[in-house]
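Structure first, then comments.
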Amino acid sequence: MTKYSLYLESGPKHKKTMVHVLDLLGCIAQGPTTEAALESTPEAIRTYLRFLQAHGETVRPEGVISTVVAVHVKEGTWLGNGDPTPGFAPDFKTLSTQDKVINLQRLAWMQIDLLELIRDVTQEQMLVEPKGGGRSIYGILEHMAESHTVYLRYLVSNVSGLSQALKAVQEEGPDSLPLTLSGLWDITSSRLAALTDAERKVLVSHGQVTWSARRAMRRMLEHGWEHLMEISTRLNMPLYL
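For what it's worth, this note's numbering labels the leading residue of the sequence shown as 25, then goes sequentially.
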């Protein structure tokens with residue numbers, strides 16, 4: 025049996041909630057209430073484990089899963105959306121070289137799976153907005169690219185070629201996404217791979233939020249996973265069954 029520590033964020037009324045499984049960096053569960061988010065967490069963990077298994081990691085998605093709430097952040101702004109202002113204590117630990125390599129590999133796997141998922145999606149499917157409101161698939165992908173660059177810039181400031189790569193995603197349209205997204209990811213992954221010892225441990229203040237290499241990689245993985253699952257659901261193409 026594997027026991028996972030859960031890091032929660034919601035308002036004080038326990039409405040919209042996100043559960044962060046930091047032992048499986050990138051794995052999250054969401055719900056309209058804290059109770060619903062916690063109920064969905066075991067299956068969210070299994071899905072993430074199946075993702076890792078599909079890419080060759082030795083894990084046991086069918087094993088018994090136990091969880092314990094380690095922290096529940098209830099104060100701050102924009103709660104339930106992935107990045108509460110105070111962050112979580114593990115965010116501020118030095119990012120080890122080993123963890124950096126593992127996280128970059130998992131990020132690359134998500135990106136490969138995302139490109140495969142959208143490979144045969146038509147331009148019409150890319151641009152249509154859901155009837156209940158929200159972004160088109162193309163809008164989601166633009167949002168993912170924008171956020172990805174922001175997380176890196178919060179840590180290391182300017183990155184050569186990154187602005188141009190993001191502009192290409194935004195301006196060259198759906199048909200060019202495999203090329204433009206890959207170009208952007210190549211730049212961000214190369215910069216993360218080249219993080220210095222000082223950059224792996226530095227804490228950087230942006231207003232009320234303190235950023236670190238570990239926090240930036242957490243958000244890249246979680247945000248990528250969140251929207252990979254969203255697009256999979258939108259297309260009715262479930263992954264990692």
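Heads up, the beta-carbon is just placed ideally off N, CA and C, and yes, glycines get one too.
query                                                                                                            : result
Of the residues Leu-252, Lys-27, Leu-165, Ala-217, the one placed nearest Ile-89, counting alpha carbons only    : Lys-27
Between the CA atoms of Lys-117 and Arg-266 - distance to the nearest angstrom                                   : Residue 266 lies beyond the range of the chain shown here (25 to 265); nothing can be said about it.
Assumed close pair Ala-53, Ala-68 - CB separation to whole angstroms, cut-off 8 Å                                : 4 Å
For Val-233, three-class secondary structure by DSSP                                                             : strand
Per-residue burial, Met-168 [other beta carbons within 10 Å of its own, 16 or more giving buried]                : buried
Three-state secondary structure (DSSP) of Met-244                                                                : helix
Buried or exposed by the 16-neighbour rule on C-beta atoms within 10 Å, applied to Ser-184                       : exposed
The stretch 204-221 contacting the stretch 146-164, beta-carbon criterion three pairs below 8 Å                  : no
Buried versus exposed call for Leu-46 [16 or more other C-beta atoms within 10 Å across all chains shown]        : buried
Simplified DSSP assignment, three categories, for Val-180                                                        : helix
Beta-carbon proximity list for Thr-204, same chain, < 6 Å, skipping 5 on both sides                              : Ala-192, Val-193, Glu-196
Own chain residues within Cβ distance below 6 Å of Pro-108, not counting five before or after                    : Glu-33, Val-97, Gly-100
Residues that DSSP places opposite Tyr-264 in a beta bridge                                                      : Partner(s): none; Tyr-264 has no beta bridge.
Own chain partners of Pro-202 with C-beta closer than 7 Å, once the 5 adjacent residues on each side are dropped : Leu-139
Ile-211, enclosing alpha helix (DSSP H) - first and last residue                                                 : 201-217
is_contact[Glu-33, chain D] using C-beta, thresh 7 Å                                                             : Going by chain labels, chain D is absent from the structure shown, which holds only one protein chain.
Backbone secondary structure at Lys-27 - three-state DSSP                                                        : strand
Spatially closest choice to Leu-131 from Met-241, Thr-57, Gln-188, by CA coordinates                             : Met-241
Contact under 7 Å by Cβ, Pro-198 with Met-150                                                                    : yes
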